Amino acid sequence: MTATPPSFADRPPGTDVLADMLRAVRLTGAIFLKASFTEPFGILSPQRYDPSIPMAHLRHVSIFHYVASGGCMMETASGARREVKRGDLVLLPFAAEHKLWRGDAEFVPASSIVNPDSKEGVWSFSHGGGGTETRFVCGFIESAEMMFAPMFRSLPEMLVDHADDEAVGSGIARTIDDLLARVDSLTPGAEVILGRMMELLFVELLRRHASRLPKGSKGLLAALNDPLVGRALQLMQADPARRWTTDELAREAGASRTVLGERFNAVLGKPPIEYLTSWRIQLAADRLRNGRDAIARIAVDSGYESEAAFNRAFKRVTGLTPGRWREGGGDSPPLMPLQFGRSPFSGA
Numbered sequence: 002m003t004a005t006p007p008s009f010a011d012r013p014p015g016t017d018v019l020a021d022m023l024r025a026v027r028l029t030g031a032i033f034l035k036a037s038f039t040e041p042f043g044i045l046s047p048q049r050y051d052p053s054i055p056m057a058h059l060r061h062v063s064i065f066h067y068v069a070s071g072g073c074m075m076e077t078a079s080g081a082r083r084e085v086k087r088g089d090l091v092l093l094p095f096a097a098e099h100k101l102w103r104g105d106a107e108f109v110p111a112s113s114i115v116n117p118d119s120k121e122g123v124w125s126f127s128h129g130g131g132g133t134e135t136r137f138v139c140g141f142i143e144s145a146e147m148m149f150a151p152m153f154r155s156l157p158e159m160l161v162d163h164a165d166d167e168a169v170g171s172g173i174a175r176t177i178d179d180l181l182a183r184v185d186s187l188t189p190g191a192e193v194i195l196g197r198m199m200e201l202l203f204v205e206l207l208r209r210h211a212s213r214l215p216k217g218s219k220g221l222l223a224a225l226n227d228p229l230v231g232r233a234l235q236l237m238q239a240d241p242a243r244r245w246t247t248d249e250l251a252r253e254a255g256a257s258r259t260v261l262g263e264r265f266n267a268v269l270g271k272p273p274i275e276y277l278t279s280w281r282i283q284l285a286a287d288r289l290r291n292g293r294d295a296i297a298r299i300a301v302d303s304g305y306e307s308e309a310a311f312n313r314a315f316k317r318v319t320g321l322t323p324g325r326w327r328e329g330g331g332d333s334p335p336l337m338p339l340q341f342g343r344s345p346f347s348g349a
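Quick note, the sequence shown lines up with residues 2 to 349 if you use my numbering.
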């Protein structure tokens, strides 16, 4: 068994643009169930905002499915359909309602087949007609303050990669093998390691998706493929408090002011300094919600000469004052810690 896998959060700021972004939204992952379905079967996922589900208040949740054996059809509520098979990693970035089936069977809600016994926070399901078995290991990825993560808005509602694909890399395959072994053994404290594994898989799937985006794509993930924009993002995220000007940024990124501005507008739809403001406010918002530093201190650390200037910038981006944000105002309340040992599909 390998040691606890490193987290993307362990990398120094500014060395990895994607890691910086995910660190800022406090990405955390955990395994929450394993399932054994035998043909024929039909399973309905819970409604995303079902008030009876403890996870429902965690508005920013992505769902992972790994097909450990067998295979079945999968379809989201919007009609996106895909056949999934052994070795497939499925990511539902927005926790889209979906159904799974194989053969001709009546669909049953997942909440009706959950095993009431859990082990180290992992819940189990079993259902079906006794035929060919399909096994899943599933998990979730939670991110605080997703409103500040525009990278997710450009993702499709279903991403599928195959762990055995040589293009995915042996590292993912090894992580999957280790994950399956740990889910089966579940020694004390295993959920911490499993959570790290889910984070790593999430990051790698995003990297894979970004690498396959066609030329001319827009958004933060597309920016990772643009050498100039990616370099400028790296510079700003390494030192967001620096009083950057477009000229300084262009010089250090190795381009003219005009070319840098054109590339930013083409890929991100905004000039570099506007992006910098958004990034600063994202970092500040996280500190306001999750720390106790004075607003004046956060203002200085965010690169603002005065608290008043910071307050104006913060309200312009979020619609709220820093104080109101810290109190939990607006449509994005502070996210509560996930509670292990509770079913993701019932109020038990």
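Glycine included, C-beta positions come from ideal geometry on N, C-alpha and C. Bear in mind the structure is a predicted one, so any value in this text is a computation, not a measurement.
Residues near residue i by beta carbon distance below 8 Å, same chain, minus five either side
i      : result
ASP104 : Reading off the sequence shown, one finds Gly at residue 104, where the question assumed Asp. These residues qualify, in order along the chain: GLU40, PRO41, PHE42, GLY130 and GLY132.
SER212 : ASN226
ARG87  : VAL68, ALA69, SER70, GLY71 and GLY72
C-alpha distance - residue i paired with residue j, whole-angstrom precision
i      : j      : result
ALA69  : SER79  : 26 Å
SER112 : ASP89  : 24 Å
ASP17  : GLN235 : 7 Å
ALA295 : ALA286 : 12 Å
VAL230 : LEU206 : 21 Å
ARG281 : ALA242 : 8 Å
LEU59  : GLU143 : Low confidence applies to LEU59: its pLDDT is 43, below 50, so where it sits in the model is not reliable enough to give any reading.
TRP245 : LEU156 : 30 Å
THR319 : HIS99  : 32 Å
PRO273 : ALA81  : 35 Å
ALA25  : GLU107 : 43 Å
ILE299 : GLU76  : 45 Å
ALA314 : SER127 : 52 Å
GLU263 : ALA251 : 11 Å
GLY71  : VAL62  : 26 Å
ASP302 : GLU308 : 11 Å
GLU306 : ASP240 : 16 Å
LEU222 : GLY304 : 25 Å
ARG293 : PRO215 : 43 Å
LEU321 : TRP102 : 45 Å
MET199 : GLY329 : 28 Å
LYS35  : ASP179 : 15 Å
ASP1   : PRO228 : Any question about residue 1 goes unanswered here, given that the chain covers just 2 to 349.
GLY324 : SER279 : 18 Å
PHE153 : GLY217 : 18 Å
LYS316 : LEU23  : 23 Å
ALA256 : ALA310 : 30 Å
GLU275 : ASN116 : 50 Å
Residues bridged to residue i [DSSP beta-bridge criterion]
i      : result
PHE126 : ALA36 and VAL115
VAL109 : ILE44
HIS99  : THR77
ASP89  : HIS163
GLY72  : LYS86
VAL205 : Residue identity differs from the one stated: residue 205 is Glu in this sequence, not Val. BP columns for GLU205 are empty, so no partner.
GLU308 : DSSP output for GLU308 lists no bridge partner at all.
GLU134 : THR39
Cβ pair residue i, residue j closer than 9 Å
i      : j      : result
LEU269 : PHE65  : no
SER258 : LEU289 : Correcting the residue type first, residue 258 is Arg in the shown sequence and not Ser. Not a contact, by the Cβ cut-off of 9 Å.
ALA97  : GLU158 : yes
PRO110 : LEU45  : yes
THR29  : GLY196 : yes
MET237 : LEU284 : no
VAL204 : ALA31  : no
THR135 : PHE38  : yes
ARG27  : ASN291 : yes
LEU92  : LEU160 : yes
Other residues of its chain near residue i: CB distance less than 7 Å, five sequence neighbours each side excluded
i      : result
VAL169 : Note that VAL169 scores 49 on pLDDT, short of 50, meaning its location in the model is unreliable; the coordinates nonetheless yield the value given after this. So the qualifying residues of the chain are ASP162, HIS163 and ARG209.
TYR67  : LEU90, PHE137, VAL138 and ILE177
ALA224 : VAL230, GLY231, LEU234, VAL268 and LEU269
ALA297 : GLU308
LYS271 : PHE265
Sequence-distant residues of its chain with Cβ nearer than 6 Å to residue i (five each side left out)
i      : result
ARG232 : ALA254
GLU84  : MET74
ILE114 : PHE126 and HIS128
Beta carbon proximity, residue i to chain C, threshold 9 Å
i      : result
ARG325 : Although the question refers to chain C, the structure presented lacks it and comprises just one protein chain.
* Asked: At what residue ranges does the segment 235 to 274 contain a whole run of the alpha helix (DSSP H), taking only runs of 4 or more?
  -> 247 to 254 and 258 to 269
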